[in-house]
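Report on one structure; see the data block that follows.
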Amino acid sequence: MFKPSSLKQQSYESVPPAGVVAYFSMEIAIDPGMPTYSGGLGMLAGDTLRSAADLGTPLVAFTLLHRKGYFRQILDADGKQTEDAQPWQIEDFCTEESPRITVTVEGRLVAVRAWRYEMVGRSGHVLPIYLLDTDLAENSAWDRGLTDHLYGGDTNYRLQQEIVLGMGGARMANALGHRVNVYHMNEGHAALLTLALLESQLGGGPLNQVTETDVEAVRRKCVFTTHTPVPAGHDRFSMEQARRILGADRTARLEGLGCCHEGLLNLTYVALRFSRYCNGVALQHGKVSREMFPEYTVHAITNGVHAPTWVSEPFAELLDENIAHWRRDNLYLRNAIEIPLGEIGRAHARSKEALLAEVASRTGLVLNPKVLTLGFARRAATYKRADLLFADPERLLAIAQAAGGLQILYAGKAHPQDEPGKALIHSVIDKAKKFSGADLRVVYLENYDWQLGATLTAGVDVWVNTPKRPYEASGTSGMKAALNGVPSLSILDGWWIEGCIEGVTGWAIEDGADDAAEAIALYEKLEKRVVPLYLESAEAWGRLMRTTIAFSGSFFNTNRMVKQYIRNAYYPLQMVEQATVREELAAQ
Ligand SMILES: *Cc1c(COP(=O)(O)O)cnc(C)c1O
Numbered sequence: 016m017f018k019p020s021s022l023k024q025q026s027y028e029s030v031p032p033a034g035v036v037a038y039f040s041m042e043i044a045i046d047p048g049m050p051t052y053s054g055g056l057g058m059l060a061g062d063t064l065r066s067a068a069d070l071g072t073p074l075v076a077f078t079l080l081h082r083k084g085y086f087r088q089i090l091d092a093d094g095k096q097t098e099d100a101q102p103w104q105i106e107d108f109c110t111e112e113s114p115r116i117t118v119t120v121e122g123r124l125v126a127v128r129a130w131r132y133e134m135v136g137r138s139g140h141v142l143p144i145y146l147l148d149t150d151l152a153e154n155s156a157w158d159r160g161l162t163d164h165l166y167g168g169d170t171n172y173r174l175q176q177e178i179v180l181g182m183g184g185a186r187m188a189n190a191l192g193h194r195v196n197v198y199h200m201n202e203g204h205a206a207l208l209t210l211a212l213l214e215s216q217l218g219g220g221p222l223n224q225v226t227e228t229d230v231e232a233v234r235r236k237c238v239f240t241t242h243t244p245v246p247a248g249h250d251r252f253s254m255e256q257a258r259r260i261l262g263a264d265r266t267a268r269l270e271g272l273g274c275c276h277e278g279l280l281n282l283t284y285v286a287l288r289f290s291r292y293c294n295g296v297a298l299q300h301g302k303v304s305r306e307m308f309p310e311y312t313v314h315a316i317t318n319g320v321h322a323p324t325w326v327s328e329p330f331a332e333l334l335d336e337n338i339a340h341w342r343r344d345n346l347y348l349r350n351a352i353e354i355p356l357g358e359i360g361r362a363h364a365r366s367k368e369a370l371l372a373e374v375a376s377r378t379g380l381v382l383n384p385k386v387l388t389l390g391f392a393r394r395a396a397t398y399k400r401a402d403l404l405f406a407d408p409e410r411l412l413a414i415a416q417a418a419g420g421l422q423i424l425y426a427g428k429a430h431p432q433d434e435p436g437k438a439l440i441h442s443v444i445d446k447a448k449k450f451s452g453a454d455l456r457v458v459y460l461e462n463y464d465w466q467l468g469a470t471l472t473a474g475v476d477v478w479v480n481t482p483k484r485p486y487e488a489s490g491t492s493g494m495k496a497a498l499n500g501v502p503s504l505s506i507l508d509g510w511w512i513e514g515c516i517e518g519v520t521g522w523a524i525e526d527g528a529d530d531a532a533e534a535i536a537l538y539e540k541l542e543k544r545v546v547p548l549y550l551e552s553a554e555a556w557g558r559l560m561r562t563t564i565a566f567s568g569s570f571f572n573t574n575r576m577v578k579q580y581i582r583n584a585y586y587p588l589q590m591v592e593q594a595t596v597r598e599e600l601a602a603q
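For the sequence shown, position 421 matches number 436 in this note's numbering, and the numbering has no gaps at all.
Structure (structure tokens):
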């Protein structure tokens, strides 16, 4: 819409109007010392906010405090996982805000406060993150624990937490005085914020009088990102649970508005129903999501990682010397194509040395820096098939012998209630013991977290990923590796469909009819492409590392991703309006 009167006041540089984007996520990896995340979703949220802060984006974020953290993983000699709490010193990182709001949970009024963490961008922009907390004297002992455990407890606990995150967060944004233009639900966990917006739209009036116009008013403000094609990854609650915890009136209303699916309250459907823009996290995930939710338009914005966070010290020094503005604008990483090969090799050797030192200090095992080293670290979910490398141990041993040795580093936690995931860890550790020898060394590292993730992705020679198609929505650890010049060897799923340039950024494991066929495809690539290139010359390998940074690093980052969210999800109309204004001016 072109309004001549607004022409003079329009600043052509600052696109967003006054007000903020409010970003909601159940987990956010804010600081390595804060155990407020479990894995990929939280890392992505943290990297998104780090880039938004760098770009000076007017944005505020909401999450839960997770006073007791996620869990610390302990693995015994047999590969059995046990879990420890991770309490942390909140006051060391956050300051308490004064407003208090309430939410209704199971008919009880629960008071909520917020702790503020200030994320500072590279040019000094401050992006506040509010961590919601119900540990207040006026709440019952049960309610005081509602913001203790990330993904802890049963589905009752989960729904109660989601009321605090969604409805509590929306009310807290208001109480803190933020003028919110856009509410971004990072995954369906926060979808109940739309219920708070709907109730405020009705001015406290009865929910049964809601009209399509009211729904539209909420939709105009909401954006939703879905993160997984795995059905269990979408929160669903029985109608009995919904009525008991959320209330009969609200449940009936959500049901009437098409938010239930297969007789369950489905938070993904709540988010889809109330959002004007929905997206998946890679091109392929967009397609898969459109098949899952054919009644909705689902776009795609491919994930990224925060480059300055994941580039290792040696590579950061190298990039600083060679590419002036790579931190400000990650697109300049394309210019890595000019970095001398020898320097790439030396930087990688330093990262690999740091990794092997970490392995030695954790396990006492001294690995060989000259030997080809593969990395595999991710949540121990069965679809990720951590044991695919061991489908034919004899063949793996033969490849190791031909390569002059092979080292494989594993890491990853299983959710405390995920028995198949725990069995997978056990099986990998079992095989590691059985087949490790002079040629093949396999190590499973305990307690995969931010720091171990950074050390691993920078220090290995090849990053391996073996998800079962099409369940990997994106994956981001391979992007961290790429920023350090580490190529991927992966199934063509998630981001790798876009990222793989054969022999230039890594290698594809060809699709097969079943696990056995894909294991063979994995061995073939390893034997015929990866090992020969590694043995050929440092120069050939250095060239591969260099193109990996140039092609993958310059695109798969949150600097690009956040700009795409701003232009396509948060403020598409303003972008159109601005373009129109420019055209009108040009025509004068
Ligand atoms: C990057 C990261 C993840 C996510 O990586 P995926 O490739 O999606 O598995 C999970 N956990 C940690 C600790 C990470 O650093």
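Every residue gets a Cβ at the ideal spot worked out from N, C-alpha and C, and that includes glycine.
Three-state class that DSSP yields for residue i in the structure shown
{"i": "Phe391", "result": "strand"}
{"i": "Ala37", "result": "strand"}
{"i": "Ile414", "result": "helix"}
{"i": "Pro587", "result": "helix"}
{"i": "Pro73", "result": "coil"}
{"i": "Ala362", "result": "helix"}
{"i": "Leu191", "result": "coil"}
{"i": "Ile512", "result": "helix"}
{"i": "His314", "result": "strand"}
{"i": "Glu111", "result": "strand"}
{"i": "Pro19", "result": "In this prediction, Pro19 scores a pLDDT of 46, lower than 50, which makes its location untrustworthy; no coordinate-derived value is stated."}
{"i": "Gln96", "result": "strand"}
{"i": "Arg186", "result": "helix"}
{"i": "Arg456", "result": "strand"}
{"i": "Val320", "result": "strand"}
{"i": "Val545", "result": "helix"}
{"i": "Asn499", "result": "coil"}
{"i": "Glu517", "result": "strand"}
{"i": "Asn572", "result": "strand"}
{"i": "Val605", "result": "This structure does not reach residue 605, given that the chain is present from 16 up to 603, and the question cannot be answered."}
{"i": "Leu600", "result": "helix"}
{"i": "Val386", "result": "coil"}
{"i": "Ser26", "result": "For Ser26, the predicted model reports a pLDDT of 41, less than 50, meaning its position is unreliable; a value from the coordinates is still stated below. DSSP places Ser26 in coil when its eight states are reduced to three."}
{"i": "Tyr400", "result": "The sequence shown places Arg at residue 400, rather than the Tyr named in the question. Of the three classes helix, strand and coil, the one that applies to Arg400 here is coil, per DSSP."}
{"i": "Thr63", "result": "helix"}
{"i": "Pro47", "result": "coil"}
{"i": "Leu181", "result": "First, the residue type needs correcting, since residue 181 is Gly and not Leu in the sequence shown. In the structure shown, Gly181 sits in a helix (DSSP, three-state: H, G or I)."}
Those residues which DSSP pairs with residue i across a bridge
{"i": "Arg251", "result": "Asn281"}
{"i": "Val577", "result": "The partner list for Val577 (beta bridge, DSSP) is empty, contrary to what the question assumes."}
{"i": "His276", "result": "Leu279"}
{"i": "Pro143", "result": "Glu133"}
{"i": "Ser505", "result": "Asn480, Ala523"}
{"i": "Leu124", "result": "Thr119"}
{"i": "Asp148", "result": "Arg128"}
{"i": "Leu79", "result": "Leu147"}
{"i": "Val374", "result": "According to DSSP, Val374 bridges with nothing at all."}
{"i": "Val238", "result": "His199, Tyr292"}
Beta strand (DSSP E) segment containing residue i, residue limits
{"i": "Met200", "result": "195 to 201"}
{"i": "Val245", "result": "First-last for Val245: undefined, no H or E at that position."}
{"i": "Ile89", "result": "87 to 90"}
{"i": "Ile423", "result": "421 to 426"}
{"i": "Gly295", "result": "292 to 295"}
Segment limits, alpha helix (DSSP H) that includes residue i
{"i": "Val233", "result": "227 to 234"}
{"i": "Thr472", "result": "465 to 474"}
{"i": "Gly271", "result": "263 to 271"}
{"i": "Arg561", "result": "553 to 562"}
{"i": "Asp344", "result": "First-last for Asp344: undefined, no H or E at that position."}
{"i": "Asn337", "result": "328 to 337"}
{"i": "Thr209", "result": "208 to 216"}
{"i": "Arg442", "result": "The identity of residue 442 in the sequence shown is Ser, whereas the question assumes Arg. Its alpha helix (DSSP H) spans residues 434 to 450."}
{"i": "Arg159", "result": "156 to 159"}
{"i": "Gly167", "result": "No alpha helix (DSSP H) holds Gly167; DSSP gives it neither H nor E."}
{"i": "Ala536", "result": "530 to 540"}
{"i": "Gln299", "result": "298 to 307"}
Test: residue i CB closer than 8 Å to a CB of chain B
{"i": "Gly319", "result": "No chain B appears in this structure, which consists of one protein chain only."}
Could you tell me whether the segment 187 to 200 touches the segment 113 to 123, where touching means 3 or more Cβ pairs closer than 8 Å? yes
Can you confirm whether the segment 338 to 350 touches the segment 532 to 541 when touching is taken to mean that 3 or more C-beta pairs between the two stretches lie within less than 8 Å? no
Is the segment 357 to 371 touching the segment 442 to 459 in the sense that three or more CB pairs, one from each, lie closer than 8 Å? no
Check whether the segment 567 to 585 and the segment 301 to 316 are in contact - that is, three or more C-beta pairs closer than 8 Å. yes
Would you call the segment 119 to 130 and the segment 468 to 485 in contact, with 3 or more CB pairs under 8 Å? no
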